[in-house]
Amino acid sequence: MAAFVTDSGIEIEPVYRAPDVPPVLPDPGEYPYTRGIYPTMYRGRRWTMRQYAGFSSAEESNRRYQLLLKRGTTGLSVAFDLPTQLGLDSDDERAFGEVGRVGVAISTLDDMRRLFDGIDQAAVTTSMTINAPAALLLLMYQVVAEERGVDPARLGGTIQNDILKEYAARGTYIYPPRPSMRLVTDTFAYCHHHLPAWNTISVSGYHIREAGASAAQEIAFTLANALAYVEAAVAAGLAVDDFAPRMSFFFAAHSHLFEEVAKFRAARRLWATLVRERFGASDPRSATMRFHTQTGGVTLTAQQPLNNVVRVAYQALAAVLGGTQSLHTNGYDEALALPTEEAATLALRTQQVLAEETGVPDTADPLAGSYFIELLTDELEAKAREWLTKVEARGGAVAAIEHGYVQNAIAENAYRKELARERGEEVVVGVNKHAEATAATVPLQRIDQSAVERQIARVAEYRARQDQTRVAATLAAVGDAAGGVDNLLPPMKDALLAGATLGQIADALRSVFGEYRPSN
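If you read the sequence shown in the numbering used here, its first letter stands for residue 238, the second for the next number, and so on.
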């Protein structure tokens, strides 16, 4: 019996085309990749099931990773707390009240060692959602792997490293945009030589969409940022085919099933066209948009939280129908707290049911040829091009963000959507329609405050044990590199090896770059 067959004995073909006529669209795996970046997509390899997790201490987060791996997740995804995202050590007074709250606290190499204790870094790919200090967390991950005898060339994973969307939609920036862009391109160059299998950036439309952007804006603003990174790297002397194959993307999956499927198809096609036409990329991998998807956090409701199970399932379906390479499914309780073990497991099981029971992955681009999907794909691409043209008319992504254009466009769309919800024109089940007077209760994840206090104490102890002369010398070297033109990552790695903390190295960069303060 064929490997892909329905209950009725009907064999599923790898790819479907219109009968007896030449294919209107190139096949999956062919430029411009509208139908997917691989010829048979999930028949050859499933998407990576990557559950985003991190809270409290490194030990607590490690236990959650071990649980998820045991239950079948195929990739790790690290959430960092706000102090870490802002380049602050856990014992910094500015970190008070935030340590371990929305992710794991990582201030030292010891923290990173504990986070991946018992996990084979050569055997699992790790995604780290970190931006302003992304290079530092990547270096920590590399050092820990090297200590365990892992060849850095074998390390697979992704750092988000997408600083432009922080200014536009999220806010966890440290330095001004232009030195931040240097950190991004220095990371591209460093990984090309030392971590060739690592994805050096995950250009994120997810946070843009969560902030209120439309699907077309999500495509346009994400690709505008991606183009800015390519331009900056080329200006820094890198060849496009040396770094573009390791660029990846990160999109949201919201609840309009067909628009979301069309969005992914349109984004792939538009990126392939732009990279080839504007930068002359010759390596096919430079034009293939590989992307991770997360179901829409902003679509989750605190009211009737079990409804979120259904929302997440449909959003995951959209991501897979659209051809994602990696997927995180949200826990049903995330509008209330970090997901419990039960909620995280059910979210993973949602992906596993989709992969193993539905038949959706059996053929590439199953909705191709639908009049509706093809029209939506074309129209979304056209609208995204319109928004991209507006950004470029303002000098490109960096200038448009510096002048507030992108932020204002997102805010205006968010305001429009909120008015539509208030008027009942956009239905949210359980909130503005089919609401219930009695609130449902579900168990919530609680942060272990004693673990947080241990983390703060350990960072202070780590600093007390430092060879202060050696640390000071390496931090001075980081500052010298920041004031010059040399790649920043080698001196930052030296500082980590000397025992410097994340906050100390971030401060060495702050002393040269300054901190970004948005103008209102």
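Ideal Cβ placement from N, Cα and C applies to all residues, glycine included.
Computed from a predicted structure; not experimentally measured.
Query, Result
"Top-ranked residue by Cα proximity to glutamate 250, from Thr422, Thr277, Pro263 and Asp244", "Thr277"
"Rounded C-alpha distance that separates methionine 238 from glycine 246", "Interpretation of methionine 238 is limited by its pLDDT of 40, a score under 50 that renders its predicted location unreliable; the figure taken from the coordinates is listed afterwards. About 9 Å."
"For threonine 711 and proline 727, believed in contact at Cβ under 8 Å, the rounded distance", "About 11 Å; that fails the 8 Å criterion."
"Own chain, CB closer than 6 Å to asparagine 545, minus 5 neighbours either side, in chain order", "Leu537 and Tyr569"
"Span separating the alpha-carbon of leucine 325 from that of glutamate 616", "44 Å"
"For threonine 243 and asparagine 567, the rounded distance between their alpha carbons", "30 Å"
"CA-to-CA distance, glutamate 496 to glutamate 403, given in whole angstroms", "25 Å"
"Rounded Cβ spacing between glycine 449 and asparagine 650 (contact assumed at less than 8 Å)", "5 Å"
"Length of the line joining the Cα atoms of arginine 515 and arginine 522", "16 Å"
"Between the CA atoms of leucine 625 and valine 722 - distance to the nearest angstrom", "31 Å"
"First through last residue of the beta strand (DSSP E) which encompasses serine 485", "484-490"
"Minimum C-alpha distance to glutamine 541 - residue among Ser519, Gly474 and Thr678", "Thr678"
"contact_flag[the region 456-469, the region 417-430] where n(CB pairs < 8 Å) is 3 or more", "yes"
"Backbone secondary structure at glutamate 663 - three-state DSSP", "coil"
"Sequence-distant residues of the same chain with beta carbon closer than 6 Å to methionine 484, five excluded per side", "Ile438"
"Per-residue DSSP class, three states only, for methionine 238", "Reliability fails at methionine 238, whose pLDDT of 40 lies under 50, so the model's placement of it is uncertain and no value is given."
"Distance between threonine 271 and leucine 507 (C-alpha atoms, nearest Å)", "9 Å"
"Length at least 4, wholly inside the region 494-531: the alpha helix (DSSP H) runs in chain order", "494-516 and 521-524"
"DSSP-derived helix/strand/coil call for threonine 277", "coil"
"Assigned secondary structure, valine 696 (DSSP; H/G/I helix, E/B strand, else coil)", "helix"
"Under the three-state DSSP convention, the category serine 294 falls into", "coil"
"Pairwise C-alpha distance: valine 440 and alanine 509", "15 Å"
"Straight-line Cα distance separating glutamate 455 from leucine 583", "28 Å"
"Environment of glycine 716 [buried if 16+ CB atoms lie within 10 Å]", "buried"
"Proximity to tyrosine 608 [Cα-Cα], best of Arg415, Pro413 and Ala255", "Ala255"
"Local conformation of alanine 316 per DSSP, three classes", "strand"
"Alpha-carbon spacing of aspartate 399 relative to proline 433, whole angstroms", "19 Å"
"Histidine 431 - containing alpha helix (DSSP H), residue span", "414-431"
"Cβ-Cβ separation, leucine 313 to alanine 634 (assumed contact under 8 Å), whole Å", "That pair is no contact at about 30 Å."
"Backbone CA spacing between leucine 475 and alanine 719 [nearest angstrom]", "19 Å"
"For leucine 323 and cysteine 428, the rounded distance between their alpha carbons", "23 Å"
"First and last residue of the uninterrupted beta strand (DSSP E) at valine 477", "Looking at the DSSP string, valine 477 is not in any beta strand (DSSP E); the run it does join, the alpha helix (DSSP H), is 477-480."
"Opposing strand residues paired with histidine 640 [DSSP bridges]", "Answer is none; histidine 640 lacks a bridge partner."
"Contact set for arginine 301: own chain, Cβ-Cβ below 6 Å, skip 5 residues either direction", "Ala290"
"Cα-Cα separation, valine 590 to alanine 556", "14 Å"
"Residue burial classification, glutamine 588 (beta-carbon count within 10 angstroms, cutoff 16)", "buried"
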